[in-house]
Ligand code: BGC
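Residue numbers (my numbering): 14 to 401.
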């Protein structure tokens, strides 16, 4: 009987056998989620502290960059209807211009966003006098508001990308009473929503009104004006203002006026008619769906060429619709683009301006033991028509 013949196995056969017995990771498998959060240095504050720029990316094509200086949205990249990304937030490519030139581009604004008449109000019979940094009035937290402070960032989750920016606003900062522990948590969901959750607590009675001051252009920042954008604001009333932008106290119907944006309206169609010096929208709308437990749809903006749509949801009672009236061509922003009047719009979810001096407006008083909590959601999509 001939002896059995043993052939030595070829190298490829050996490798193949190895793959059969040793469990190998599947090299074709996709990572569970392409969501990510990363951070990199973004310059230094004028007093030499390092500023970080956080990048939040989701698996649905969006990217947001937020700086620890001012908890500021620096870039907001969203797809158009064919998937092309554009940065829809006005701002600067470096941090330094934010120190001196920025009209609150992308910033977290506080302790009191919007105006307080003559910078004065009373709490428990005691007068508080704040800086007058906007003609005779106080605007957006004063000379060195939250937009000009360094915040501490903490990554809470990689998926969905979630970063919390917090700081202690000390008692007497900008003459506001009470130590205020404050945070804003940004989450980028896979539905292309940027959620902003604000929280604050105080150790003395104080006033709080926080917002985000992003200047949007849904055709891309620096890509012309926003007069062809279409807007809808879910508000049947607004708070009329005097010449210095302070509410008269009246809550007036928008019906039959150029302020009526309850149906989609091309911004340019009403911009001269609303008046103002310089002309344009710079008004607080009283939202119909308030009070609400969960954020409700407050405003929608559609840009017909790109198909980009922004929907703003909030649990706040008001929204300041501002059409960049004071942009005057003196600011050169990202990619060298010059920003002109009406090149952007802001939708600042908020309490009404000058609430501490108007007992008929929802209260902005925060007392020790109370929790200030509010959420605003910016939802981006790309559609073929307004109302979609
Ligand atoms: C105000 C404008 C102001 C702008 C500053 C807006 O919130 O309503 O009047 O000029 O902020 O950038």
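We put the beta carbon where it would ideally sit given N, CA and C, even for glycine.
Residue environment, residue i, which counts as buried when at least 16 other CB atoms sit within 10 Å
i	result
residue 285	exposed
residue 339	exposed
residue 396	exposed
residue 408	Beyond the ends of the chain as shown, which are 14 and 401, falls residue 408; an answer cannot be given.
residue 97	exposed
residue 183	exposed
residue 329	buried
residue 186	buried
residue 181	exposed
residue 53	exposed
residue 269	exposed
residue 232	buried
residue 112	exposed
residue 80	buried
residue 280	buried
residue 200	buried
residue 347	buried
Limits of the unbroken alpha helix (DSSP H) element including residue i
i	result
residue 144	Counting along the chain, residue 144 falls outside any alpha helix (DSSP H), and DSSP gives it neither H nor E.
residue 113	109–113
Beta carbon proximity, residue i to chain D, threshold 8 Å
i	result
residue 62	Judged by its chain identifiers, the structure shown contains no chain D, having just a single protein chain.
Beta strand (DSSP E) segment containing residue i, residue limits
i	result
residue 282	Here residue 282 belongs to no beta strand (DSSP E); instead the alpha helix (DSSP H) covers 280–283.
residue 100	98–100
residue 68	63–70
residue 435	Any answer about residue 435 is impossible in this case: the structure gives the chain only from 14 up to 401.
residue 209	206–215
residue 318	Counting along the chain, residue 318 falls outside any beta strand (DSSP E), and DSSP gives it neither H nor E.
residue 199	193–201
residue 130	From DSSP, residue 130 is part of no beta strand (DSSP E); its letter is neither H nor E.
residue 13	Missing from the structure shown is residue 13; the chain here goes from 14 to 401 and no further.
residue 246	243–246
residue 88	85–92
residue 162	Counting along the chain, residue 162 falls outside any beta strand (DSSP E), and DSSP gives it neither H nor E.
residue 175	175–182
residue 77	76–80
Spatial neighbours of residue i in its chain, beta-carbon cut-off 7 Å, leaving aside the 5 residues before and after
i	result
residue 255	261
residue 369	129, 134, 220 and 377
residue 400	277
residue 230	101, 103, 236, 239, 356 and 357
residue 58	64, 82 and 163
residue 354	291, 337, 338, 340 and 341
residue 362	224, 311, 325, 327, 329, 332 and 389
Contacting residues, own chain, Cβ-Cβ under 6 Å from residue i (five flanking each side not counted)
i	result
residue 287	271 and 294
residue 120	83, 85, 160 and 226
residue 148	257
residue 311	247, 300, 325, 327 and 332
residue 78	66, 68, 87 and 88
residue 191	184, 215, 216, 217 and 219
residue 243	277, 279, 315 and 399
residue 394	322
residue 383	none
residue 404	This structure cannot speak to residue 404, because the chain is shown only from 14 to 401.
residue 385	213, 221 and 379
Residues near residue i in its chain [Cβ-Cβ closer than 8 Å; skip 5 each side]
i	result
residue 34	Low confidence applies here, because residue 34 scores a pLDDT of 38, under 50, leaving its location unreliable; read the following figure in that light. So the list is empty, once near-sequence residues are dropped.
_Complete beta strand (DSSP E) runs within the stretch 289–316 (minimum length 3 residues, chain order)_ = 295–299 and 309–315
*Could you name each continuous beta strand (DSSP E) segment of 3 residues or more that falls completely within the stretch 333–378, going from the start of the chain to the end?*
359–363
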